[in-house]
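Asks: So the sequence shown is numbered by UniProt numbering: it starts at 1 and just counts up by one.
By construction, the Cβ of each residue, glycine as well, lies at the ideal position given by its N, Cα and C atoms.
All of these numbers come straight from a predicted model, not from anything done at the bench.
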Amino acid sequence: MQNYLAGAVPYPEQFANLYRQKGYWIGQNLSDFLQQSASQYAENIAIFDAEIEINYQQFNQWVSYCATHLYQHGLRAGDKAVVQMPNCYQFYVVFFALIRLGVLPIMSLPAHRHAELNSFFQQTGAKAYFCADFGAQKFDYRELARKCQAVNPELQHIFVLGDQAEFSSLADLLQQTAILEQAINPSSADQVAFLQLSGGSTGIPKLIPRTHDDYLYSVRESANICQLEQNSRLLMVLPAAHNFSMSSAGALGIFYVGGAVVLGTDPSPETAFHLIRKHQVTDACLVPALVRPWMDKARKDQDDILSTLRCLQVGGARLPDTVATALIQEFNVKLQQVFGMAEGLVNYTRFDMSAEQIIHTQGIKISEDDEILVLDDNDQPVAIGQIGHLLTRGPYTIRGYYQAAEHNARSFTPDGFYRTGDLVRIREDGCIVVEGRSKEQINRGGEKIATEEVEQALVTHPQVRLAALVAMPDEMLGEKSCAFIAWQTQDNEPSAIRRGMQLRQYLKDYGLATYKIPDRIEFIEQFPYTAFGKIDKKVLRKQVEAEAV
Ligand code: AMP
Ligand code: DBH
């Protein structure tokens, strides 16, 4: 075995052997995975993007050209690269090209801003950054690149799709060229292939090292569970780099079976329904926050588009049972709930489950070797059907975050179980139900907000004495954020509304991702405290719950 990525925790030998012996880990890397689909399904369309359709052969060739060009630019196996691109075919080409070169992609999302990006560069020493000029969000990513480069001198290679300004052209990386053999140097299957991101519970997203072997096992099994096949066409309007979009069963599941990904940069029902019709989409994956607008639009237009899908997957946050019921009863949708995490474990409701199970549970795990524990606050198992903390270990769940020894000591047990932070219950029929979270985290329609990170940013403002961020129930998104602020007043103090606007602008300038900017800001004189002297968030939460409309 090559040297494992420094700062990543390998699977213990006895587990690795077991997973191989059971046929879960087959020793294939992600580069060969694409190569295999390109040989098997050469003429099939792999990606529909705007006016372009790309077959597997073309896709695979572009990946090799791109790897060659990147090698000529000076990137080498073992380097790391931050990839932050909108949904476009070039995203997948760049991802696989980096893998083919042996460079580790870091899967940033379009909503990330310089607080997150900077930390990725600082944690990894990444030498390259891939972005689009403005992306779909009308935000200038080149400006972000400049800011990151100013403080991270090892960032030498910046590739921009669209107007490249002073940087290199990303489009040029796909130009035909003689493929250099020495450029093709993917890491072996048992090595870390890329760094996925967690939503983060204590601050900036943590980096999740995933190996080729473990990731592809989850992809193949997911494709089977989702019954994907050559004729499947998966609509992708969630950010493509997210773990759900990549692997549950996601784009990789589609590439495994020779089907097609249909890309959209905007998840509005108008765009999505148009793409579903245009490309005869069979499958779509969504976060719960998008389900209601889609249903409203279908209702308004008396459109039966949702029932034409073979499967609508919903995951990332808890889907309210009422919404699940309406989907099935009113819209005749074949629904699949997906409860997963970038750290590993993914659960699916299965197509042959009863409507009751599909509506009220998040299904069952992928693998019989996904070990699941449901424990009380003292790490003792709870009785079946009781709520407890979910811990897991298995053939595609990491054994530690990247370069996070201290954090790992808390998030993993000594025998390697990951403490997910989720509160769950396992029913008599084996189905898992997510009941909440024990970690301090706000789940804003699938986008995870670490309260501590936003609080830390808030208190850097000279007039903020104290800040507490709490979840606020929201019909559409499940949860939104509300910041409580103790404010140091000055002469000529502006109104609370104006102060709120200034504070939001301050957080944007600070570089927080857009979804982390508080949805509501309340200025209060006196904070409630617990007996222990900590800010009593329960009281604050009750207050917003009582006032939420
Ligand atoms: P991350 O660790 O950032 O990948 O986020 C994973 C977390 O999202 C899980 O641990 C859950 O808290 C939450 N999550 C994902 N899917 C679901 C779902 N279907 N229902 C409830 N929570 C979910
Ligand atoms: O929320 C998630 O991270 C998630 C949800 C569904 C995920 O990582 C997945 C499926 O693989």
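Kindly identify the DSSP beta-bridge partner or partners of Tyr401.
Replies: Partner(s): none; Tyr401 has no beta bridge.
Asks: With 16 as the cutoff for other CB atoms within 10 Å, does Asp190 come out buried or exposed?
Replies: Looking at its Cβ environment, which holds 16 or more other Cβ atoms inside 10 Å, Asp190 is buried.
Asks: Measuring alpha carbon to alpha carbon, tell me which of Ser354, Val287, Asn231 and Lys80 ends up nearest Gly340.
Replies: The candidate whose alpha carbon is nearest that of Gly340 is Val287.
Asks: Indicate whether Tyr256 and Tyr396 have their beta-carbon atoms separated by less than 7 Å.
Replies: It is not a contact, given that the beta carbons lie outside the stated cut-off.
Asks: Check whether the Cβ of Phe244 sits closer than 6 Å to any heavy atom of the ligand DBH, and report yes or no.
Replies: Yes, since a heavy atom of the ligand DBH falls inside the 6 Å radius drawn around the Cβ of Phe244.
Asks: Does the segment 369-376 come into contact with the segment 319-336, if we say contact requires no fewer than three beta-carbon pairs (one atom in each stretch) closer than 8 Å?
Replies: At 8 Å Cβ cutoff, the stretches do not touch.
Asks: Ser201: buried (16+ other C-beta within 10 angstroms of its C-beta) or exposed?
Replies: Caution applies to Ser201, whose pLDDT of 46 falls short of 50 and renders its modelled position unreliable; the model cannot decide the point.
Asks: Evaluate Thr489 with the Cβ neighbour count: other Cβ atoms within 10 Å of its Cβ, from every protein chain shown; 16 or more gives buried, anything less gives exposed.
Replies: Exposed: under 16 other Cβ atoms inside 10 Å.
Asks: Along the alpha helix (DSSP H) that carries Asp32, what are the first and last residues, could you check?
Replies: Start and end: Leu30 to Gln40.
Asks: Using 8 Å as the threshold, is the segment 165-172 in touch with the segment 298-315, meaning 3 or more CB pairs across them?
Replies: Not touching, per the Cβ criterion.
Asks: Using DSSP with H/G/I as helix, E/B as strand and the rest coil, what is Met353?
Replies: It is coil, neither helix nor strand.
Asks: By Cβ distance, which residues of its chain are closer than 7 Å to Val549, with the 5 residues on each side in sequence left out?
Replies: Caution applies to Val549, whose pLDDT of 47 falls short of 50 and renders its modelled position unreliable; the model cannot decide the point.
Asks: Taking C-alpha atoms, which residue in Tyr4, Gly416 and Val63 lies nearest to Asp32?
Replies: The shortest C-alpha separation from Asp32 is found at Val63.
Asks: By the 10 Å Cβ neighbour count, where 16 or more other Cβ atoms means buried, how is Leu180 classified, buried or exposed?
Replies: It counts as exposed.
Asks: Opposite Glu522 in the DSSP bridges: which residues?
Replies: Glu522 is bridged to Phe484.
Asks: Under the rule that 16 or more other beta-carbon atoms within 10 Å means buried, what is Val151, buried or exposed?
Replies: Classification of Val151: exposed, given that the 10 Å Cβ count is below 16.
Asks: Take Ile398 as the anchor and find which of His389, Leu390 and Asn408 has the nearest alpha-carbon.
Replies: Comparing Cα positions, the closest option is Asn408.
Asks: Cutting at 8 Å between CB atoms, please list the residues of its own chain near Gln175, excluding the five before and the five after it.
Replies: For Gln175, where only same-chain residues beyond five positions count, the Cβ hits under 8 Å are Tyr65 and His69.
Asks: Got a sec: does the ligand DBH put a non-hydrogen atom nearer than 6 Å to the Cβ of Met236?
Replies: Outside the cutoff, so no.
Asks: Is it true that the CB of Gly135 sits closer than 7 Å to the CB of Trp110?
Replies: The question names Trp, yet the displayed sequence has Pro at residue 110. The answer is yes: Cβ separation under 7 Å.
Asks: At a cut-off of 6 Å, would you count Val374 as near the ligand AMP, judging by its Cβ distance to the nearest heavy atom?
Replies: Val374 Cβ: outside cutoff for every heavy atom of the ligand AMP.
Asks: Apply the 10 Å Cβ neighbour rule to His212 and answer buried if 16 or more other Cβ atoms are within range, or exposed otherwise.
Replies: Buried: at least 16 other Cβ atoms inside 10 Å.
Asks: Rounded to the nearest angstrom, what separates Gly78 and Met107 at their Cα positions?
Replies: About 16 Å.
Asks: Give me the DSSP bridge partner(s) of Pro105.
Replies: In the DSSP output, where bridge partners are listed per residue, Pro105 has Ala81.
Asks: Any idea what DSSP makes of Ser272, helix, strand or coil?
Replies: Looking at the sequence provided, one finds Ala at residue 272 rather than Ser. In the structure shown, Ala272 sits in a helix (DSSP, three-state: H, G or I).
Asks: Can you have a look at Pro473 and say buried or exposed, based on whether 16 or more other CB atoms are within 10 angstroms of its CB?
Replies: With fewer than 16 other Cβ atoms within 10 Å, it is exposed.
Asks: If you reduce the DSSP assignment to three classes, tell me which class Ala16 lands in.
Replies: Three-state result, Ala16: helix.
Asks: Rounded to a whole number of angstroms, what is the C-alpha to C-alpha distance between Arg76 and Val83?
Replies: Taking the straight line from one Cα to the other gives about 16 Å.
Asks: For a test of your reading of the model: does the CB of Ser198 fall under 6 Å from any non-hydrogen atom of the ligand AMP? Yes or no.
Replies: True, at least one ligand heavy atom lies under 6 Å from that Cβ.
Asks: Buried or exposed, going by whether 16 or more other CB atoms sit within 10 Å of the CB of Pro267?
Replies: Buried is the call here.
Asks: Spatial neighbours of Asn185 within its chain, please: CB distance less than 7 Å, with the 5 preceding and 5 following residues excluded, ordered by chain position.
Replies: The residues are Ala77, Leu101 and Gly102.
Asks: By the DSSP assignment, the beta strand (DSSP E) with Met472 in it spans what residues?
Replies: Where Met472 is concerned, the enclosing beta strand (DSSP E) stretches over Val464 to Asp474.
Asks: Do the segment 445-459 and the segment 377-393 meet, that is, are 3 or more Cβ pairs less than 8 Å apart?
Replies: The segment 445-459, when compared against the segment 377-393, does not touch it at the 8 Å Cβ threshold.
Asks: Applying the 10 Å Cβ sphere with the 16-neighbour rule, what's the burial state of Asp283?
Replies: Label assigned to Asp283: buried.
Asks: Contact defined as beta carbons within less than 8 Å: I believe Gly258 pairs with Ser37. What is the distance between those atoms, to the nearest angstrom?
Replies: The pair is a contact, with the Cβ atoms about 6 Å apart (cut-off 8 Å).
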